[in-house]
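Residue numbers (my numbering), protein chains in the order written: chain A, 1 to 101; chain B, 1001 to 1427. Note that CB positions come from ideal geometry on N, CA and C, so glycine has one too. Notes to accompany the following structure.
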């Protein structure tokens, strides 16, 4: 094996290691529930260009949006239906988590 | 020894980098964090493997998969319509190894010893596990439709219910069909993979026929009396494809009694019908390995604990996705992806000896009536006595009355969902 390939392999190991370390998900109710959002909105490693951004959005803004979607104050296609599956407290915890992750 | 060598060969065949950086993970995992084997690299299995690593990178995760690439059933109807290329729905699993340290083993699991906690592969190799995830998808019951066979499916009457060569075959038959012919589609009784799938397929074939062979007709010979998103589909067909589509319910003689591949005819309760193209969607069971491992009930599907999808039949084994009996959740890619996250969290918690987080499940299934007309079903579920159960006063389907902009938005979100779930599943 040439040095070039060795060097590439080492670089890949380091990249893979750091990527995994950055994305570690905590083992709690809110973090698990929040992963459901990824199937449409993407995640840290894939931010969807087609869907409204939710990650990194200010927690209060996100919570207000979720409550307005839940009560149909804000029109939507599917988010009204989805947000009604959670209590206001759960939505607040989800908004907090998503704003930081 | 021989089997070890052959497995190494398989690993090497996946690419030098995968083997190289997997090594440190194995060294760290041995005797400490634990080892998980995942059988099946579809929406359920690949998501489980990836999320175990996202929760806990030090767990050794081995993903066993027979096929080199994964062709998704979602969006395969768009290949039939001619609006999507088969290559665009074909995905590699390499990122699971390269970015997350999942060890990819190409091979076929042929047996599971649940007391010795070991998976046997076709090449003779044994993979020991602390926890096992079984996500084999479905097995098609060719004998479930008299007169039909695997050979008939591979030549004149495709199922196209596992995407890939079958999808391409059905597309070619639609292309070869003369204008004015009848396409017969025969969906099975419940339960089966992707409840709205046959009716989205009808819509997408109708789109192709309307734009290329407008004198043609579609006849749905259904074993059922009702189907997923029925009101939305039927209203969509009436407005977009008037006069083209006929649906015959099981109670009206729609259930197919037998087929004749040579004569290209179908015999249903109401009589005999000839088709230019005939798509038989047969009854199904859990994937073969789940049956062989003794994980299935007499109905061919696997009972699980609604809190974590642990098998009702074996310790330290989890069954998820289409193979499982998942209460009110449909057999869909999004369901499997959601179940896999709960399974991953539960496996990590059990290996750490801590309390798992509470299970909550989610499903969203988009369907296209036309390329600019999308509809959806979206639901949240929590564990209940009969399996995952709909959260009251939430979820449901798209509104019956909506303007074109609303339908267009859902069609655009259909595309967004696909890109996101592929990234969320395969990395």
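Residue of 1322/B, 1388/B, 1366/B and 1039/B minimising C-alpha distance to residue 1078/B
Numbered from 1 along the second chain, position 78 holds the residue referred to as residue 1078/B. Considering only alpha carbons, the answer is 1366/B.
Quick one: residues in its chain with C-beta nearer than 6 Å to the C-beta of residue 1297/B, no 5 flanking neighbours on either side, listed in chain order?
Position 297 of the second chain, counted from the first residue, corresponds to residue 1297/B. Once the five neighbours on either side are set aside, the close Cβ partners of residue 1297/B are 1303.
Since residue 77/A meets chain B, which of its residues come closer than 8 Å, beta carbon to beta carbon?
Translated into the one-based positions of the first chain, residue 77/A becomes position 77. The contacting residues are 1376, 1398, 1406, 1409, 1410 and 1413.
What does residue 29/A reach in chain B if we use C-beta pairs closer than 9 Å?
Here residue 29/A refers to the residue found at position 29 when the first chain is read from its first residue. In chain order: 1357, 1358 and 1360.
Does the stretch 1390 to 1403 of chain B come close enough to the stretch 1309 to 1318 of chain B that 3 or more CB-CB pairs lie under 8 Å?
no
For chain B, is any of its Cβ atoms less than 8 Å away from the one on residue 50/A?
As a position in the first chain, residue 50/A is number 50, starting the count at 1. Judged by the 8 Å Cβ criterion, residue 50/A is in contact with chain B.
Could you spell out the range, first to last residue, of the beta strand (DSSP E) harbouring residue 1387/B?
Your numbering for residue 1387/B matches position 387 in the second chain. Segment 1387 to 1390, the beta strand (DSSP E) holding residue 1387/B.
Return the chain-ordered list of same chain residues with a C-beta closer than 7 Å to the C-beta of residue 80/A, the five sequence neighbours on each side being excluded.
By 1-based counting over the first chain, the position of residue 80/A is 80. Excluding residues within five positions, the ones whose Cβ falls inside 7 Å are 69, 70 and 72.
Neighbour flag for residue 1354/B against chain A, beta carbons, 8 Å:
Mapped onto the second chain, residue 1354/B falls at position 354. Taking Cβ atoms only, chain A reaches closer than 8 Å to residue 1354/B, which makes this a yes.
Helix, strand or coil for residue 1022/B per DSSP?
Looking up residue 1022/B in the second chain gives position 22. Bear in mind that a pLDDT of 40 at residue 1022/B, under 50, signals an unreliable position, so the number given afterwards is only what the model happens to contain. Helix, per DSSP.
Using a beta-carbon distance below 8 Å, is residue 1416/B in contact with chain A?
Looking up residue 1416/B in the second chain gives position 416. By this cut-off, residue 1416/B is an interface position.
Find out if the Cβ-Cβ distance for the pair residue 1136/B, residue 1288/B is shorter than 8 Å.
Working through the second chain from its first residue, we reach residue 1136/B at position 136. Working through the second chain from its first residue, we reach residue 1288/B at position 288. Yes, Cβ-Cβ distance for residue 1136/B and residue 1288/B is below 8 Å.
Is the separation between the beta-carbon of residue 1343/B and that of residue 1320/B shorter than 8 Å?
Taking the first residue of the second chain as position 1, residue 1343/B is located at position 343. Taking the first residue of the second chain as position 1, residue 1320/B is located at position 320. Yes, these two residues count as a Cβ contact at 8 Å.
CB contact below 8 Å: residue 94/A versus chain B
Taking the first residue of the first chain as 1, we reach residue 94/A at position 94. No, residue 94/A does not count as interfacial toward chain B.
Any chain A beta carbon closer than 8 Å to residue 1424/B:
Within the second chain, residue 1424/B is the residue found at index 424, counting from 1. Cβ-Cβ to chain A under 8 Å: yes for residue 1424/B.
Taking only beta carbons into account, state which residues of the stretch 1339 to 1350 of chain B come closer than 8 Å to chain A, listed in chain order.
1341, 1342, 1345, 1348 and 1349
Pick from 1170/B, 1042/B, 1202/B and 1152/B: whose alpha carbon is nearest that of residue 1258/B?
As a first step, residue 1258/B must be located in the second chain, where it is residue number 258. Answer by Cα proximity: 1152/B.
Mind checking if residue 1109/B is an interface residue toward chain A, Cβ cutoff 8 Å exclusive?
On the second chain, position 109 is the one that residue 1109/B refers to. No, residue 1109/B does not count as interfacial toward chain A.
Is the separation between the beta-carbon of residue 83/A and that of residue 66/A shorter than 8 Å?
Residue mapping note: residue 83/A aligns to position 83 of the first chain, counting from 1. Residue mapping note: residue 66/A aligns to position 66 of the first chain, counting from 1. Result yes, Cβ atoms of residue 83/A and residue 66/A sit closer than 8 Å.
Could you tell me which of 1242/B, 1224/B and 1238/B sits nearest to residue 1253/B, measuring between CA atoms?
Position 253 of the second chain, counted from the first residue, corresponds to residue 1253/B. Cα-wise, what sits closest to residue 1253/B is 1224/B.
Using DSSP with H/G/I as helix, E/B as strand and the rest coil, what is residue 1359/B?
By one-based count along the second chain, residue 1359/B stands at place 359. Coil, per DSSP.
Would you call the stretch 1142 to 1161 of chain B in contact with the stretch 1274 to 1282 of chain B, where contact means no fewer than 3 C-beta pairs closer than 8 Å?
yes
For residue 44/A, which of helix, strand or coil comes out of DSSP?
The residue you call residue 44/A lines up with position 44 of the first chain. If DSSP states are grouped into helix, strand and coil, residue 44/A belongs with coil.
How many angstroms separate the CA atom of residue 1266/B from the CA atom of residue 1237/B?
On the second chain, position 266 is the one that residue 1266/B refers to. On the second chain, position 237 is the one that residue 1237/B refers to. Approximately 23 Å between the Cα atoms of the pair.
Apart from the five residues on each side of it in sequence, which residues of its chain come closer than 8 Å, Cβ to Cβ, to residue 1422/B?
Residue 1422/B sits at position 422 when you count from the first residue of the second chain. Hits under 8 Å: 1072 and 1091.
Between residue 91/A and chain B, is there a C-beta pair that is closer than 8 Å?
In the first chain, residue 91/A corresponds to position 91, counting from 1. With 8 Å as the cut-off, residue 91/A does not count as an interface residue toward chain B.
Sequence-distant residues of its chain with Cβ nearer than 6 Å to residue 1424/B (five each side left out):
Translated into positions along the second chain, residue 1424/B becomes position 424. Here the set comprises nothing.
With which residues is residue 1091/B paired in a DSSP beta bridge?
Within the second chain, numbered from 1, the residue matching residue 1091/B stands at position 91. Its beta-bridge partners are 1070/B.
How many Å lie between residue 1096/B and residue 1076/B at the Cα?
On the second chain, residue 1096/B is found 96 positions in, with the first residue counted as 1. On the second chain, residue 1076/B is found 76 positions in, with the first residue counted as 1. Roughly 23 Å separates the two Cα atoms.
Shorter than 8 Å from the beta carbon of residue 1308/B to some beta carbon of chain A?
Counting from 1 along the second chain, the entry for residue 1308/B is found at position 308. Answer no: the Cβ-Cβ gap between residue 1308/B and chain A never drops below 8 Å.
Using a Cβ-Cβ cut-off of less than 9 Å, give me the residues of the stretch 1035 to 1068 of chain B that come near chain A, in sequence order.
1051, 1053, 1054, 1055, 1056 and 1057
Since residue 1046/B contacts residue 1426/B with CB under 8 Å, what's their CB separation in whole angstroms?
Position 46 of the second chain, counted from the first residue, corresponds to residue 1046/B. Position 426 of the second chain, counted from the first residue, corresponds to residue 1426/B. Contact holds; Cβ gap of about 6 Å.
Which residue's Cα is closest to the Cα of residue 1251/B: 1399/B, 1059/B, 1058/B and 1222/B?
Within the second chain, the letter at position 251 stands for residue 1251/B. For residue 1251/B, the nearest C-alpha among the options comes from 1222/B.
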